[in-house]
Structures are given as C-alpha cells and as structure tokens.
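Numbering-wise (our numbering), the sequence shown opens with residue 11 and increments by one.
Just so it is clear, CB atoms sit at the ideal spot from N, CA and C, and this is done for glycine as well.
Presented below is the structure to which this report refers.
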Amino acid sequence: MFADRHLTRMEAIIRDVCRDFEADLIEFNGENNHVHLLVNFPPKVAVARLVNSLKGVSSRRLRQEFPDLARHYYRANKLWSGSYFAGSVGGAPLSVVKQHIEQQNRPG
C-alpha cells in the first residue's frame, strides 16, 4: 500500500519523532507493506515507547496527508498493526545492517 511518496514523507516524520527522543535515524527504507529502520537511541529510552510513538505519529500524519491510504485501513482507524520487531545490532557491523535496509524492494 505504500508508494515511494508515502515512504519519503514517512522518513521525514520518523526523523522528527526520533529527534524528540534524542535518537538518530541512521537508515530508513521500506516496501509496500512495511518499513525497516536503523535507530540509535539513548539507553534511557524504552524501545516500546519509541516504537509506539513512531507508529502513532506516523499513522496520524500519513492518514491526514494521504487520504488515499484510507482504503487500506478502513476496518480500523490505524495504519500499523500492533506488532513490531526490534533487534539489537551491537555486535554486527553497522555497514552490514545499513546494506540490508538499503536493499529493500522500495516501490516506485
């Protein structure tokens, strides 16, 4: 359901939310139905709180700015599912993680 224009705007929204949490969005990319983020955030921030804010703010703003997304969430007034995956990459080279995110099949 996401096109490149949705993902481009979503990246800007997510950067703003990260800034509010004193976090850095290192890498962003997405496919038509999900996104991948590499975020560096301080240990004082709970990952669940950050993710809930990222999903809540992006859902609200994207639904306001792109009414065409409405056909994908008409049964529930939300854009995201309640689930997410968060993994720690403290031991992996960041270049490998960034490469994985960059190689997602972003829609045109």
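{"Item": "Cβ-based burial, G40 [other Cβ within 10 Å; buried from 16]", "Value": "buried"}
{"Item": "Residue range of the beta strand (DSSP E) that includes D34", "Value": "D34 to G40"}
{"Item": "Delimiting residues of the beta strand (DSSP E) encompassing L48", "Value": "V45 to N50"}
{"Item": "Residue of V61, A13 and Q74 minimising C-alpha distance to G92", "Value": "V61"}
{"Item": "Inter-residue Cα distance where the pair is D14 and I24", "Value": "15 Å"}
{"Item": "DSSP state of K108 mapped onto helix, strand, coil", "Value": "helix"}
{"Item": "Spatially closest choice to R19 from R70, A33, L48 and E112, by CA coordinates", "Value": "R70"}
{"Item": "Closest residue to W90 among L17, K65, F76 and E32 (Cα-Cα distance)", "Value": "K65"}
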